[in-house]
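Asks: Residue numbers (my numbering): 985 to 1317.
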Ligand code: FAD
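(1) Whose C-beta lies closer than 8 Å to the C-beta of residue 1020 among residues of the same chain, with five residues either side of it excluded?
(2) The alpha helix (DSSP H) spanning residue 1001 covers which residue range?
(3) Who does residue 1217 pair with in a DSSP beta bridge?
(4) Assuming the contact rule is C-beta atoms closer than 8 Å, residue 1026 and residue 1047 should be a hit. Round their C-beta distance to whole Å, please.
(5) Where does the unbroken beta strand (DSSP E) through residue 993 begin, and where does it stop?
(6) Along the chain, where does the alpha helix (DSSP H) containing residue 1176 start, and where does it finish?
(7) In angstroms, rounded to a whole number, what distance separates the CA positions of residue 1256 and residue 1192?
(8) Whose CA, out of 1224, 1091, 1180 and 1151, lies closest to the CA of residue 1117?
(9) Closer than 7 Å by C-beta to residue 1152: which residues in its own chain qualify, once you throw out the five before and the five after it? Chain order, please.
(10) Which residues does DSSP pair with residue 1332 in a beta bridge?
(11) Under 7 Å Cβ to Cβ from residue 1124, same chain only, skipping five residues before and after it: list those, please.
(12) Can you check DSSP and say which residues form a bridge with residue 1088?
(13) Relative to the C-alpha of residue 987, which candidate in 1008, 1002, 1208 and 1012 has its C-alpha closest?
(14) Using DSSP with H/G/I as helix, E/B as strand and the rest coil, what is residue 1291?
(15) Going by the CB atoms, is the gap between residue 1277 and residue 1038 shorter than 8 Å?
(16) Helix, strand or coil: which one does DSSP assign to residue 1131?
(17) For residue 1126, does the three-state DSSP call read helix, strand or coil?
(18) Taking DSSP as the reference, what is the three-state secondary structure of residue 1157?
(19) For residue 1203 and residue 1109, what's the separation of their Cα atoms in angstroms?
(20) When you compare only the Cα positions, how much space is there between residue 1079 and residue 1056?
(21) Residues in the same chain with beta-carbon distance under 8 Å from residue 1213, minus the five sequence neighbours each way, listed in chain order, please.
(22) Keeping to the same chain, check which residues put their C-beta closer than 6 Å to that of residue 1241; ignore five residues upstream and five downstream.
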């Protein structure tokens, strides 16, 4: 059995910062994430948005922060298993066993930093949507340069939809924004910028009837949901920003105490299962705030208590990182 010191379920900010701290404490660490990339919500849901409430950063792009978290975590070379969704987790008090859709992992402790779960973007049932996924139909913008010169349909009425419509409008050939209502759930300033934008054609009260194309998206049909009038136009890319379903999925079946759709933890970030800790958006405790700044603090607490749990001689307090040799220094010596 290849026994790690700690297995971390979820490679978002909390999981990555937990991996950094585990490395600092000399723990052999493995991160498992269902997504193809590390960074959690930062990298997947809003990479191009600025974050203004990270300590020490007056303003930082989410994707840059994700890179920083990842670099910090990778200093200690944790094992990283991507595109593996943890389906089961069981603890006998000494060994935590995690099974994924690909393999079985063993560790002396576990940290659950699964955010809102292995989230799924909401989709549409209109013909062509599922068939043309990743061939023009997308739920994320991974590289905005890919939309240069394209005719883009953005669907949705929240911040993501409007932000992306505005961001892409500068370089796309055209942007059409379709929303099923005429009220938007986005920031007032964003709505103002979108409504007045010369390269955004707004279609309020419009929904997608069908997406057309043989190998890639070629056209879309919208319909007015009050008059029924249809409109078909040439299109290269359809971006759906309809929100995400937030379900803990398999985590609810691991025997953890769950409250408010989150894993209950105590002050040490311990769950009710022995040697199983949790941190970040996935947790619930009195005073909980689901923010990056609080989630990474929780991860630091969890990992240091995990260290003491698997090594009773170890202190919980890690010392100050500024007084501990960093890995780079260690390599130079
Ligand atoms: P996540 O970032 O959600 O990462 C969890 C990871 O766990 C994911 O990668 C997921 O794939 C993985 N996972 C889940 N279940 C499994 C499983 N069973 N097996 C394997 N992997 C699994 N917060 C701020 O503090 N400031 C902001 O300005 C801010 N702006 C935001 C803007 C938007 C549009 C959104 C959506 C959120 C924003 N947030 C902001 C919230 C912030 O992104 C979250 O608090 C933060 O990402 C939580 O980090 P996390 O590590 O707990 O979880």
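Idealized CB from N, CA, C, for every residue including glycine.
Replies: In terms of the structure at hand:
(1) Residue numbering aside, residue 1020 sits at position 36 when the chain shown is read from its first letter. Hits under 8 Å: 1066 and 1067.
(2) By one-based count along the chain shown, residue 1001 stands at place 17. It spans 997-1008 - the alpha helix (DSSP H) in which residue 1001 sits, taken as one unbroken run.
(3) In the chain shown, counting from the first residue as 1, residue 1217 sits at position 233. Beta-bridge pairing links residue 1217 to 1204.
(4) The residue you call residue 1026 lines up with position 42 of the chain shown. The residue you call residue 1047 lines up with position 63 of the chain shown. The Cβ separation is near 7 Å, so the contact holds.
(5) The residue you call residue 993 lines up with position 9 of the chain shown. Its beta strand (DSSP E) spans residues 987-993.
(6) By 1-based counting over the chain shown, the position of residue 1176 is 192. That run of the alpha helix (DSSP H) goes 1172-1179.
(7) Working through the chain shown from its first residue, we reach residue 1256 at position 272. Working through the chain shown from its first residue, we reach residue 1192 at position 208. If I take the Cα positions, the gap works out to 46 Å.
(8) Counting from one through the chain shown, the residue named residue 1117 turns up at place 133. Ranking 1224, 1091, 1180 and 1151 by Cα distance to residue 1117 puts 1224 first.
(9) To locate residue 1152, count along the chain shown from 1; it is residue 168. Answer for residue 1152: 1128, 1131, 1136 and 1159, listed in chain order.
(10) Residue 1332 lies beyond the residue range present for the chain, which begins at 985 and ends at 1317; the question has no answer from this structure.
(11) Your numbering for residue 1124 matches position 140 in the chain shown. If we look at residue 1124 and ignore the five residues flanking it on each side, its Cβ neighbours are 1028.
(12) As a working note, residue 1088 is residue 104 in the chain shown. Paired residue(s): 1083.
(13) To locate residue 987, count along the chain shown from 1; it is residue 3. Closest by alpha carbon: 1012.
(14) On the chain shown, residue 1291 is found 307 positions in, with the first residue counted as 1. Residue 1291 falls in the helix class under three-state DSSP.
(15) By 1-based counting over the chain shown, the position of residue 1038 is 54. By 1-based counting over the chain shown, the position of residue 1277 is 293. Yes, the Cβ-Cβ distance between residue 1038 and residue 1277 is below 8 Å.
(16) In the chain shown, counting from the first residue as 1, residue 1131 sits at position 147. Residue 1131 falls in the helix class under three-state DSSP.
(17) In the chain shown, residue 1126 corresponds to position 142, counting from 1. Coil.
(18) Looking up residue 1157 in the chain shown gives position 173. Three-state result, residue 1157: coil.
(19) On the chain shown, residue 1203 is found 219 positions in, with the first residue counted as 1. On the chain shown, residue 1109 is found 125 positions in, with the first residue counted as 1. C-alpha separation (whole angstroms): 17 Å.
(20) Residue mapping note: residue 1079 aligns to position 95 of the chain shown, counting from 1. Residue mapping note: residue 1056 aligns to position 72 of the chain shown, counting from 1. The alpha-carbon atoms of residue 1079 and residue 1056 are separated by roughly 27 Å.
(21) Here residue 1213 refers to the residue found at position 229 of the chain shown. The residues are 1207.
(22) Reading the chain shown from its first residue, position 257 is the one you call residue 1241. Cβ within range, chain order: 1248 and 1256.
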